[in-house]
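Chemist: In this text, residue positions in the sequence shown follow this note's numbering: the first is 34, and each later residue adds one.
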Amino acid sequence: MPPNRPPALLCLALMLAWLSTAAAAPPAGVPALDHPPPTVTRTTAGQVDLCLGCHRQDPGGAHARDVLGCAACHLGDPLAGDKTRAHRGMVKNPGELRLGPRTCGQAGCHPNQLRWVENSLMATNRGIIDALRTYWGESAGPGAEDLTVHGLARSGLTSPALDYFRKLCGSCHLWMEKGSLPDFLAAKGGGCTACHQEKPEPDTPRERAHTRITRDAPLENCVRCHNRSGRIGLSYQGLMESEGYGTPYEAGDLGTHQLEDGRYVRSMPDDVHHRKGLACVDCHTQRETMGDGTRHVHFEEQLEVRCVTCHAGGEALRPLAEAYALRKRGLGPPSGVQVKRAPPRLDVVAKGTAFFLEGRRDRKLHPLDPVSY
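1) Does DSSP put residue 230 in a helix, a strand or coil?
2) In three-state terms, what does DSSP make of residue 30?
3) Return the chain-ordered list of same chain residues with a C-beta closer than 7 Å to the C-beta of residue 258, the five sequence neighbours on each side being excluded.
4) Drop a sphere of 10 angstroms on the beta-carbon of residue 357, count the other beta-carbons inside from all chains shown, and report buried for 16 or more, exposed for fewer.
5) On the DSSP bridge list, what partners appear for residue 384?
6) Leaving out the 5 sequence neighbours to the left and right, which residues in its chain are closer than 7 Å to residue 85 when beta-carbon positions are compared?
7) Below 8 Å on the Cβ atoms is my contact criterion, and I expect residue 132 with residue 111 to pass it. Report the Cβ-Cβ distance as a whole number of Å.
8) DSSP three-state label for residue 268, please.
9) Cα separation between residue 405 and residue 312?
10) Tell me the residue span of the alpha helix (DSSP H) that contains residue 398.
11) Please classify residue 381 as buried or exposed, where buried requires at least 16 other C-beta atoms within 10 Å of its C-beta.
12) Excluding five sequence neighbours on each side, which residues of the same chain lie with their C-beta closer than 6 Å to the C-beta of residue 256?
13) Mind checking which residues open and close the beta strand (DSSP E) that includes residue 299?
14) Just mark residue 291 as buried or exposed, buried being the case when its beta carbon has 16 or more other beta carbons within 10 Å.
15) Give the C-beta separation of residue 254 and residue 219 to the nearest angstrom, bearing in mind that I take them to be a contact with Cβ-Cβ under 8 Å.
16) Hey, out of 154, 201, 193 and 138, whose CA is closest to residue 180's CA?
17) Going by the beta-carbon positions, is the gap between residue 379 and residue 388 smaller than 8 Å?
18) From 178, 147, 117 and 144, pick the residue whose C-alpha is nearest to that of residue 329; which is it?
19) Ordered along the chain, which non-local residues of its own chain (more than five positions away) have a Cβ less than 8 Å from that of residue 138?
20) Quick test of your reading: residue 233 and residue 245, contact by CB under 8 Å. State the CB separation rounded to the nearest angstrom.
21) Excluding sequence positions up to five away, which residues of its chain have a Cβ less than 6 Å from the Cβ of residue 225?
22) Who are the Cβ neighbours of residue 346 in its own chain at under 7 Å, not counting the five residues just before and after it?
23) Pull up the distance between the alpha-carbon of residue 374 and that of residue 130, whole angstroms please.
24) Could you check how far apart the C-beta atoms of residue 185 and residue 195 are, in whole angstroms? I think they sit under 8 Å.
25) For the segment 318 to 386, which segments carrying the alpha helix (DSSP H) assignment without a break, of at least 4 residues, lie completely within its bounds, in sequence order?
26) Restricting to runs no shorter than 4 residues, where is the alpha helix (DSSP H) found entirely within the segment 112 to 186?
27) On the DSSP letters alone, give me the boundaries of the alpha helix (DSSP H) that residue 104 sits inside.
28) Near residue 109, which residues of its chain fall below 6 Å by C-beta distance, leaving aside the five closest residues on each side in sequence?
29) According to the neighbour-count rule (16 or more other Cβ atoms, all chains shown, within 10 Å of its Cβ), is residue 34 buried or exposed?
30) Just how far apart, CA to CA, sit residue 209 and residue 331?
31) Only counting the same chain, and skipping five residues up and downstream in sequence, which positions put a Cβ closer than 8 Å to that of residue 344?
32) Going by DSSP, which residues form a beta bridge with residue 75?
33) Just verifying my parser: in three-state terms, what is the DSSP assignment at residue 253?
34) Spell out the partners DSSP gives residue 276 in its beta bridges.
35) One question on the structure: do residue 300 and residue 272 come within less than 8 Å of each other, judged by their Cβ atoms?
36) Less than 7 Å between C-beta atoms, sequence neighbours within five positions excluded: which residues of the same chain meet that for residue 376?
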């Protein structure tokens, strides 16, 4: 009679159990994971970005999480399998100009726009500094100096005009890091995001809420800085800064309408363009706001739109409408390319002999009637 032997299947099962136990154990000297292994997550282009396995926030649009991932903007290490290494080198606000070459201005994104903005008046404050120095008699005249906010910080110069600039104007330039100043000033600066960020939609679930990136800056982003000097951001909306504490009186008591910095305002008729629903970006084009890479001294040198540009009437608007029609069909120059002597990038629509400005925020058609004298 043959000796008793374990069934063949039992032997095979024991061997497999031993092999699986050995495979699960880490090699000598390698600590075991204290968390589950990360799920390999990819963007729609196939790029591995392990951040997507933890973070659900989504800016949407062209910058959607599934399109770009997280690390393309926020840096860090998208291939790291643990939080500490993944978050090393990560940045909260990729729009800061100091980070631009690695974030918004990296190859394949917006390198030309970054170059324009770095030289623009909103980034350098060259025009404000020059005007103050001229008005206070501290320079030889307009354009005599090329002093920027960066140059001022390195120069050590001081004077009444420059002290005034540092106290009242110096927070409104794009190189200022968002959150680096106290109180209401903390919302200023931030590079690209100073203009191009919007709050999430109100009904967005908290776990998916993320700052939205918009091409068409909302009015409140502009007014955050453009509310002093000529007060154009206030008067456009129908607000007038009032003098003194709590004036004017309302129903026998001090006024209650205040700006976030504590200044009191009163209501007055708003600009007709505001009344019709137009935002700043409807008239102030990319070249006017972001610049063209040229180191202009004053804002009037960077302007390309006048009242007559839209209100000339008749066939004078035809080139603007034709250029916009080409852009809508994807046949015009892309947004990252500027063509010298090209018509301003206004969204003018032709319907027969009538012309309209298409609102960049509301997409409504606003009739462009000739100016009445």
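Just so you know, even glycine gets a beta-carbon here, dropped at the ideal spot from N, CA and C.
Modeler: Looking at the coordinates:
1) strand
2) What is shown of the chain runs 34 to 406, which leaves residue 30 out entirely.
3) 205 and 221
4) buried
5) 387
6) 74, 98, 102 and 103
7) So it is not a contact: roughly 17 Å between Cβ atoms.
8) helix
9) 22 Å
10) Here residue 398 belongs to no alpha helix (DSSP H); instead the beta strand (DSSP E) covers 398 to 400.
11) buried
12) 266
13) 298 to 300
14) exposed
15) Incorrect: roughly 15 Å between the Cβ atoms, too far for contact.
16) 154
17) no
18) 178
19) 144, 146, 147 and 148
20) 6 Å
21) 128 and 137
22) 403
23) 28 Å
24) 7 Å
25) 319 to 323, 340 to 344 and 351 to 361
26) 116 to 120, 144 to 151, 154 to 157 and 159 to 168
27) 104 to 107
28) 119, 120, 122 and 123
29) Note that residue 34 has pLDDT 46, beneath the 50 cutoff, so the model's placement of it is unreliable and no number is given.
30) 20 Å
31) 401, 402, 403 and 404
32) 81
33) helix
34) Its beta-bridge partners do not exist; DSSP assigns none.
35) yes
36) 352, 353 and 356
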